[in-house]
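As structure tokens, the structure follows; a few thoughts come after it.
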Amino acid sequence: MKKILIILILLCLAKTIFSQSQTINFSTSEKNIWQLINNETSSFRVKVSLPYIELQSINTPNGNFTQIINDALAIIFDTGRAQLPTINHLIEMPSGNLSINIISEKKQIIKLSDYGFSFPIIPAQPSISKSTDPNTVPFYYDNNYYNTDSLYKKPIAEVEYQGKQRGVGIGLLKINPFAYNPVKNYLEVTYEVEIEVVFNKKNINNYNELKNKLYTPFFKFSKLLNYQDNYNKDVITSYPITYVIIAPQSYASTLQPFIRWKTEKGYNVVVGYTDMIGSSTTNIKNYLQNLYNNTTPPPTFLLLVGDVNEVPAYNGTTQNSHVTDLYYACYDGSSDYLPDLYYARFSAQNTTQLQNIINKTMTYEKYQMPIKSYLDTVVMVAGVDASYSPTYANGQINYGTQNYFNSSNGIYSHTYLYPASGNSGTSADMISKISLGTGYANYTAHCSSNGWADPSFTISHISSLQNTDKYGLMVGNCCQSSKFEISECFGEAITRVANKGASAYIGASDYSYWNEDYYWSVGYRSTISANPTYNSSNLGAYDRVFHTHGEPYSDWFITNAEMVHGGNLAVQSSNSSMKKYYWEIYHLFGDPSTMNYFSVPDPLNISYDEPLIIGDNSLTVNTEPYTLVALSIDGTLLDSKYSDAGNSVNLTFSDLTSDDSLLIVATKQNKIPYIQKIEVNQQLLTLDAKLSSVIEPSSSYNCFDINISPKVIIQNLSTQNLTSLTICYSYANQQTQCINWNGNLASLSKDTVILPDFQLLNGDNSFIVYCKNPNNGTDLNIQNDTIIKNIHAEYLPILVDFLADPLSTCSAPYTINFTNLSQNVQNFSWDFGDGNLSNETTPSHTYNSDGFYTVTLTADAGLCGNFTKIKDNYIQIGNIPPIVHDTTVCEGETATLQAIANGTINWYNNENDITPIFTGSYYIIPNITQQTTVWVESNTEAAIQHVGSTDSNTNGSFFNSWTSHYLIFNCYQPVTLLSVEVNANSSGNRTISLKDENNNILQSATVNIPAGISRVNLNFDLPVQNNLRLACSTYPNLYRNNAGTQYPYEIANVLSITGNSANDLNYYYFFYDWEIKGDSCVSERVPATVFVDHCNNIELYSNDINMYPNPTSDFITIELSKITKSSLRVYSLDGRQIINLDFSSDKMTLDVSTFTSGTYLLQIINEKGISQKLFSVYH
231 MKKILIILIL LCLAKTIFSQ SQTINFSTSE KNIWQLINNE TSSFRVKVSL
281 PYIELQSINT PNGNFTQIIN DALAIIFDTG RAQLPTINHL IEMPSGNLSI
331 NIISEKKQII KLSDYGFSFP IIPAQPSISK STDPNTVPFY YDNNYYNTDS
381 LYKKPIAEVE YQGKQRGVGI GLLKINPFAY NPVKNYLEVT YEVEIEVVFN
431 KKNINNYNEL KNKLYTPFFK FSKLLNYQDN YNKDVITSYP ITYVIIAPQS
481 YASTLQPFIR WKTEKGYNVV VGYTDMIGSS TTNIKNYLQN LYNNTTPPPT
531 FLLLVGDVNE VPAYNGTTQN SHVTDLYYAC YDGSSDYLPD LYYARFSAQN
581 TTQLQNIINK TMTYEKYQMP IKSYLDTVVM VAGVDASYSP TYANGQINYG
631 TQNYFNSSNG IYSHTYLYPA SGNSGTSADM ISKISLGTGY ANYTAHCSSN
681 GWADPSFTIS HISSLQNTDK YGLMVGNCCQ SSKFEISECF GEAITRVANK
731 GASAYIGASD YSYWNEDYYW SVGYRSTISA NPTYNSSNLG AYDRVFHTHG
781 EPYSDWFITN AEMVHGGNLA VQSSNSSMKK YYWEIYHLFG DPSTMNYFSV
831 PDPLNISYDE PLIIGDNSLT VNTEPYTLVA LSIDGTLLDS KYSDAGNSVN
881 LTFSDLTSDD SLLIVATKQN KIPYIQKIEV NQQLLTLDAK LSSVIEPSSS
931 YNCFDINISP KVIIQNLSTQ NLTSLTICYS YANQQTQCIN WNGNLASLSK
981 DTVILPDFQL LNGDNSFIVY CKNPNNGTDL NIQNDTIIKN IHAEYLPILV
1031 DFLADPLSTC SAPYTINFTN LSQNVQNFSW DFGDGNLSNE TTPSHTYNSD
1081 GFYTVTLTAD AGLCGNFTKI KDNYIQIGNI PPIVHDTTVC EGETATLQAI
1131 ANGTINWYNN ENDITPIFTG SYYIIPNITQ QTTVWVESNT EAAIQHVGST
1181 DSNTNGSFFN SWTSHYLIFN CYQPVTLLSV EVNANSSGNR TISLKDENNN
1231 ILQSATVNIP AGISRVNLNF DLPVQNNLRL ACSTYPNLYR NNAGTQYPYE
1281 IANVLSITGN SANDLNYYYF FYDWEIKGDS CVSERVPATV FVDHCNNIEL
1331 YSNDINMYPN PTSDFITIEL SKITKSSLRV YSLDGRQIIN LDFSSDKMTL
1381 DVSTFTSGTY LLQIINEKGI SQKLFSVYH
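Our numbering runs 230 ahead of the 1-based position in the sequence shown.
Here is the structure:
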């Protein structure tokens, strides 16, 4: 069977030539593909319509074919036979025993030749793993099928049982609208059909009872075509959601703050410690099955805590070899693979790693990150694969950025599409963006357990990340980045690291596939496109997590675990044979209930009456739809309810018996969580004033000897209005200060009161504040009158400083990364010197024009003041032209021009000359007789850089074969390959060639190479191209690595060695330690003019005068021969006298730093007469 690129590539790649396209409309009045006509418990009737199809002719290396296109269609995988897509929809199956009745149908015969298509329908191909080299995949073509003169057709409607989820039976209803005769090349299209699906009524009552028992609003089934919501109540308004944690007992103490937070958030947390329930998969599954069957309500979320050594994983039951946590969440028999819980894992090997994961999770969920603006930034990467990335990877990323990750949603995307993602600098740039902090990052292409392949982001890069407290969700749609049976995979490493990396990671524990990863993110389509459009019938993970196209709530998948679920449902809805496999391999490392912030969230609208009074047993909370509201006391949940589509919840609880404060927590997707205390008061008394809280002073300060203005809140807990109150405080045992407050506070109302200043002292001191004499009477409850607060003040050195990398570059635009070195300050303000500002902690900034830029960083130390660091002319963008000034000399004299610049200074006769007339800082023109203009530029030579493996004598052997092998590389700017290092087994001539990707020779050199390691000079001028080749002639007998390689070898933004002719990244062929030199950085060329004056009235007698230095920029020293008393005058050449003074020594120094550049006349008058001499000043 002929080996070529698989047909899926041929359908989609830019290389494929689409020669003809034709849309065929059908005579149906229905615009909606699915129209549910009748829906009953035991049957439903639906009309399915296909308004149009598009036929497209494609030319491929295997011949010409026709394909059928409509985004509502799902491709089939009937390998080698005509690709006749289906129309699919998931349905509810209350019974597996069913019948399908065809009520009516409309058909049309399409003879392809009538529409200009003479070629057969293209054959279906299998889905291909991202780990597979497409060049090794055969093209499947069933000759017997295509040579049989028969109309191939399937039943117009069929149902495939998928499994059960939360008691709901799920099936896939497939409509087969196409029948095809490959010999006569015509289609029979059923463009409208009405069917009735009838279920066996037996046991439907039991089915509905179980479905009602297992209900949770976090599992949504309205996406099923005929779903029947037969509940008598919204379960979550009656009791909270159950959240199960499985962990070793050794993690119990570390887990306590997390358990408390999940409780405060509104979950009924149940913990099973493996020391008690058993540590095998069977023990744990039995425990969970019992909870699922017997707990009210059954669990919704499951968190496994520990690596596979603490909490083992299952072995996958599908192809390849991988581990999976899926079956801990499946409770409907051994063949069931649709999870009944949202599950995830905190994969920690010890308490330190677990603490890191918990800290990040709680900081993120509570929205306690110091800087929030990073949440507006995402990183979207279509990795490198020449065959698939132009459509599959680019299509996924384009769909995400065009529909969701864009300014319409308040998001800025750092987007890396193929082939730009293969540029040498992309890896470093991508990592730098992640290191600055991103709310979401998504990569699709090739991976390994070590991380993202190309552009590379691996475990080794994690330690250098700088995104402290700037983390979010990362997703790897690629192979094995979550292969968690090994000691540490990428997904584990990025979540285990302290205070940076990611708060959660979604990835695959085995090989992922191109088609299915595309479906996972975008939704299934009839063709894979680089620019797919939204289709409400076929939603992917992006659609379900954003739900900005008016999707019903049943299609919202809002937590990180739900995102995994939503992606897998897209695969489940297709015709893929990988459905179970995808449920097995995709995993979440993180909290299954966490909702990722997609952009900086807005505050959550919420209101309620407070305080509560002892004896109260309910609280009505007004809020937004789809908000979870919880009330707790000291870590014990009182009640939690979900607002659903309404705007309020009524929390109920036992009568309050103490005045301990309560905690209210309200959470909603993409909203700032509301976390506040609610005060509980005694019953109102006749006269009771409460000192509610202290706003200022704070608990700690980084300085002292500053004035503090105390600020407190008072509250009226009287049955009468509060009109007067005395408020006093003492600090550090100093004299008590009091003020008399007057106002008119109604019952339960509050007011803020500012007290007299005090000076903050060093060390720890007590601040005691109290109130008394409400309404000039006796307070009936003195227990709430006093607050004592400890104040710590010390001098902490305040540093405001920063670094930039790089400090200079040859041309704009260019992005500079800044590192903030400041200490004990906050709230940063950057001024980049070009009119742009930033409030980020560690920003990056793009300069768009050449020049020197002064950078200013201002930081706030609170009451301790503001501090500023200014770095003048800190950033240089472009090679700045030399500083040079015109000058004037007398006719016949020598003119000296000086230029000041970085780099080598070249002088030219004309603006466009190629060859300089002189090189150096000074240019001298002797015996000048007329005005002359020359041109000057600065030229900074590029540094020699090195790239490539340096391992020229280990991890390999000498290679000698008739095959000419080569290294493959991309060149991103014009550079010269000066030389390479080789290791020859014998001396002799070899021809080394630079070739393009079509094997055309661009340059070559035949060199005599001695035996052993030596350096070969090449001086190849490398063009800006991808997939260049550096090749050696046949039978090279040169050293080649066969292990230990680390592709890509790259110089950022310059060159990247990406692979080799064997397409095996274990090999590295012949050419080591490349010496690369770029073009010189040349400034703009600027003019300098010498003006000539005839100087008719000047006679020079200068033998008695010695002046130095001449020319000068600041001081000039004058020496006279044996003369002690003289007058000195200095004139400009236009006759103005500038200096007139007397002196009595034979030596003096003049300050000429304020003179403008030019030539001046020095005149000395004494008993010998007048002596004159010219000197020049430059700046």
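We put the CB at the ideal spot given by N, CA and C, even for glycine.
| Item | Value |
| --- | --- |
| For my contact list, Lys-980 and Ile-944 are in at a C-beta cut-off of 8 Å; report their separation, rounded to the angstrom. | 7 Å |
| Would you mind stating whether Thr-778 and Tyr-634 have Cβ atoms separated by less than 8 Å? | yes |
| Note down the Cα distance separating Gln-989 from Phe-934, rounded to an integer number of angstroms. | 8 Å |
| Which word fits Gln-486, buried or exposed, when buried means at least 16 other C-beta atoms lie within 10 angstroms of its C-beta? | exposed |
| Which stretch, first to last residue, makes up the alpha helix (DSSP H) that contains Val-801? | 790-802 |
| The beta strand (DSSP E) that contains Asn-411, what's its start and end? | 408-411 |
| Could you have a look at Val-538 and say whether DSSP puts it in helix, strand or coil? | coil |
| Below 8 Å on the Cβ atoms is my contact criterion, and I expect Gly-702 with Tyr-670 to pass it. Report the Cβ-Cβ distance as a whole number of Å. | 5 Å |
| Is the CB-CB distance between Tyr-445 and Pro-324 below 8 Å? | no |
| How is the alpha helix (DSSP H) around Trp-491 delimited, first residue to last? | 482-495 |
| Which residue wins for smallest C-alpha separation from Asp-1009, given the options Glu-422, Leu-921, Leu-867, Val-474? | Leu-921 |
| Counting only runs that start and end within the stretch 614-676, where is the alpha helix (DSSP H) found for 4 or more residues in a row? | 624-633, 656-666 |
| Give, in chain order, every unbroken run of the alpha helix (DSSP H) that is at least 4 residues long and sits entirely within the stretch 507-533. | 511-524 |
| With distance defined between alpha-carbon atoms, name the residue in Trp-1304, Gln-265, Ile-908, Leu-991 nearest to Leu-455. | Gln-265 |
| Determine the burial state of Gln-286: buried for a count of at least 16 other Cβ atoms within 10 Å of its Cβ, exposed for fewer. | buried |
| Is the number of C-beta pairs between the stretch 723-739 and the stretch 575-587 that are closer than 8 Å three or more? | yes |
| Under the three-state reduction of DSSP, which class applies to Asn-1066: helix, strand or coil? | coil |
| According to DSSP, is Leu-1093 helix, strand or coil? | helix |
| Let's test the definition: count the other Cβ atoms within 10 Å of the Cβ of Ser-1401 and tell me whether it reaches 16, buried, or not, exposed. | buried |
| Quick check for students: name the residue ranges of the beta strand (DSSP E) that lie wholly in the stretch 712-797, counting only runs of 3 or more. | 734-738 |
| Rounded to whole angstroms, how far is the Cβ of Ala-800 from the Cβ of Tyr-743, which I believe are closer than 8 Å? | In fact, because the Cβ distance is near 13 Å, the residues do not count as touching under 8 Å. |
| Within 10 Å of its beta-carbon, does Trp-1192 have 16 or more other beta-carbons around it, so buried, or fewer, so exposed? | exposed |
| Output needed for Thr-1389: all residues of its chain with C-beta closer than 7 Å, excluding positions within five of it in sequence on either side, in chain order. | Thr-1117, Thr-1118, Val-1119, Leu-1363, Leu-1404, Ser-1406 |
| Can you determine whether any heavy atom of the ligand NAP sits closer than 7 Å to the C-beta of Val-1382, and answer yes or no? | The ligand NAP is not part of the structure shown, which contains no ligands of any sort. |
| Please list, in chain order, all residues of the same chain as Gly-546 whose beta carbon is under 6 Å from its beta carbon, the five residues on each side excluded. | His-552, Thr-554, Glu-814 |
| Let's test the definition: count the other Cβ atoms within 10 Å of the Cβ of Ala-1042 and tell me whether it reaches 16, buried, or not, exposed. | exposed |
| With DSSP collapsed to three states, give me the class of Asn-1327. | Any reading at Asn-1327 is ruled out, since the residue's pLDDT is 49, under 50, leaving its predicted position unreliable. |
| According to DSSP, simplified to helix, strand and coil, what is Tyr-461? | Caution is warranted here: a pLDDT of 46 is assigned to Tyr-461, below 50, making its placement in the model unreliable, and the coordinate value is therefore given only provisionally. Tyr-461 falls in the coil class under three-state DSSP. |
| Less than 8 Å separating the beta-carbons of Ile-1394 and Leu-1358? | yes |
| Is the beta carbon of Thr-1084 closer than 8 Å to that of Ile-1100? | yes |
| What are the boundary residues of the alpha helix (DSSP H) that includes Gln-583? | 581-595 |
| By how many angstroms is the C-alpha of Ser-1151 removed from the C-alpha of Thr-1134? | 8 Å |
| Could you spell out where the beta strand (DSSP E) holding Leu-440 opens and where it closes? | Leu-440 -> not in any beta strand (DSSP E); alpha helix (DSSP H) instead, spanning 434-443. |
| Please list, in chain order, all residues of the same chain as Val-398 whose beta carbon is under 7 Å from its beta carbon, the five residues on each side excluded. | Glu-322, Lys-441, Phe-451 |
| Give a yes or no on contact between the stretch 779-793 and the stretch 337-344, applying the rule of three or more CB pairs nearer than 8 Å. | no |
| So the candidates are Glu-781, Trp-491, Asn-1140; which of them puts its Cα closest to the Cα of Asp-821? | Trp-491 |
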